[in-house]
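Take a look at the structure set out below.
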Amino acid sequence: MGTTRDGQPVAPPRERQPKKAAQRDVHVDEGTRLQKVLAQAGVGSRRHCENLIAEGRVEVDGQIVSELGTRVDPETSVIHVDGARIQLDDTLVYIAFNKPTGVVSTMEDDMGRPSVGEYLEGRTERLFHVGRLDQDTEGLLLLTNDGDLANRLQHPRYGVEKVYLATIQGPVPRDLGKRLREGIELEDGPVKVDSFKVVDSQPGMALVEVVIHEGRNHIVRRMLEAVGHPVIALARPQVGPVKVGDLRPGKMRPLNKREVAALYKTAGL
Numbered sequence: 001m002g003t004t005r006d007g008q009p010v011a012p013p014r015e016r017q018p019k020k021a022a023q024r025d026v027h028v029d030e031g032t033r034l035q036k037v038l039a040q041a042g043v044g045s046r047r048h049c050e051n052l053i054a055e056g057r058v059e060v061d062g063q064i065v066s067e068l069g070t071r072v073d074p075e076t077s078v079i080h081v082d083g084a085r086i087q088l089d090d091t092l093v094y095i096a097f098n099k100p101t102g103v104v105s106t107m108e109d110d111m112g113r114p115s116v117g118e119y120l121e122g123r124t125e126r127l128f129h130v131g132r133l134d135q136d137t138e139g140l141l142l143l144t145n146d147g148d149l150a151n152r153l154q155h156p157r158y159g160v161e162k163v164y165l166a167t168i169q170g171p172v173p174r175d176l177g178k179r180l181r182e183g184i185e186l187e188d189g190p191v192k193v194d195s196f197k198v199v200d201s202q203p204g205m206a207l208v209e210v211v212i213h214e215g216r217n218h219i220v221r222r223m224l225e226a227v228g229h230p231v232i233a234l235a236r237p238q239v240g241p242v243k244v245g246d247l248r249p250g251k252m253r254p255l256n257k258r259e260v261a262a263l264y265k266t267a268g269l
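The structure is reproduced here in structure tokens:
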């Protein structure tokens, strides 16, 4: 603390507080009440949605909203509840498809091979597949008409994990998992798995689980062959938070709201 010329103490200068960024008003005068939008989206009853708003658990366009009188535009507002995005556009479709072996991951095939598109005949939506599966690989393929989500899920930046079950020629050496986690070199660059474990082992073969976020062509097959364990059969039971479960090959089901919200969270939307 300093003093004046006559020895009187002088208070130190006050620290300047950084200005808080002004919050943008998310209220839309001609919009729909937020609790009604949430209820129509299947979040819960109107009363439950009002409680969520009052507790500060709802965000609109990145801002917490706790005023029950807030009105929003369902067509443009981005709404999250407890950090999970709420899907408001009922024209968007999200499907889990268990692709059988022998089916190519295209909507139609010039060579006449069975394609994913054949399983969608009769549907009016213009659906596309999120990523691909080899023709000889069975498992989960996500189908949607939500381009923003599909692009994010396929982008390497977001590192969406895919789980594979591979039947390989064995036996499996104890250090194989460590080697694959550290990474190996392929002709188109290095690759490493997120996790690797032996699920079952029999004379001459083994069932292993491989978790990887890579999306290059035939990456799991090429990787395992490169370490001396060619793939006999390959299946993908999970993409991100979505599991194929007991869905039979060739069958499909709509994703539930929780699965869609989890995909949005995984994709950073």
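The opening residue of the sequence shown carries number 1 in the UniProt record's numbering; numbering runs sequentially from there. We treat Cβ as the ideally placed atom computed from N, Cα and C, and that holds for glycine. Computed from a predicted model, the values in this text were never measured in an experiment.
Compute the Euclidean distance between the alpha carbons of LEU52 and VAL58, then round it to the nearest angstrom.
6 Å
Skipping 5 residues on each side, what residues in its chain have a beta carbon closer than 8 Å to that of ASP196?
Checking the sequence, you will find Phe at residue 196 rather than Asp. Closer than 8 Å at Cβ, skipping near neighbours: LEU176, GLY177, LEU180, ARG181, VAL208, GLU209, VAL210 and VAL211.
According to DSSP, simplified to helix, strand and coil, what is ASP148?
helix
Taking the DSSP output, what are the residues bridged to HIS80?
GLU59 and ARG85
Among VAL198, ASP200, VAL28 and ASN98, nearest to LEU120 - alpha-carbon criterion:
ASN98
Suppose the cutoff is 7 Å on Cβ atoms and the five residues either side in sequence are ignored; what does the same chain contact list for ARG248 look like?
ASN98
Cα-Cα separation between LEU235 and GLU67, rounded to whole angstroms
Note on residue identity: the sequence assigns Ala, not Leu, to residue 235. Rounded to the nearest angstrom, the two C-alpha atoms are 49 Å apart.
Compute the Euclidean distance between the alpha carbons of SER105 and LEU142, then round it to the nearest angstrom.
11 Å
Closer than 8 Å is the cut-off here; do at least three beta carbon pairs connect the region 224 to 242 with the region 123 to 142?
yes
Buried or exposed: THR124, going by 16 or more other Cβ atoms within 10 Å of its Cβ?
exposed
Span separating the alpha-carbon of ILE184 from that of LEU140:
26 Å
Quick one: what's ASN98 bridged to in DSSP?
LEU140
Under 8 Å between the Cβ atoms of LEU34 and THR91?
no
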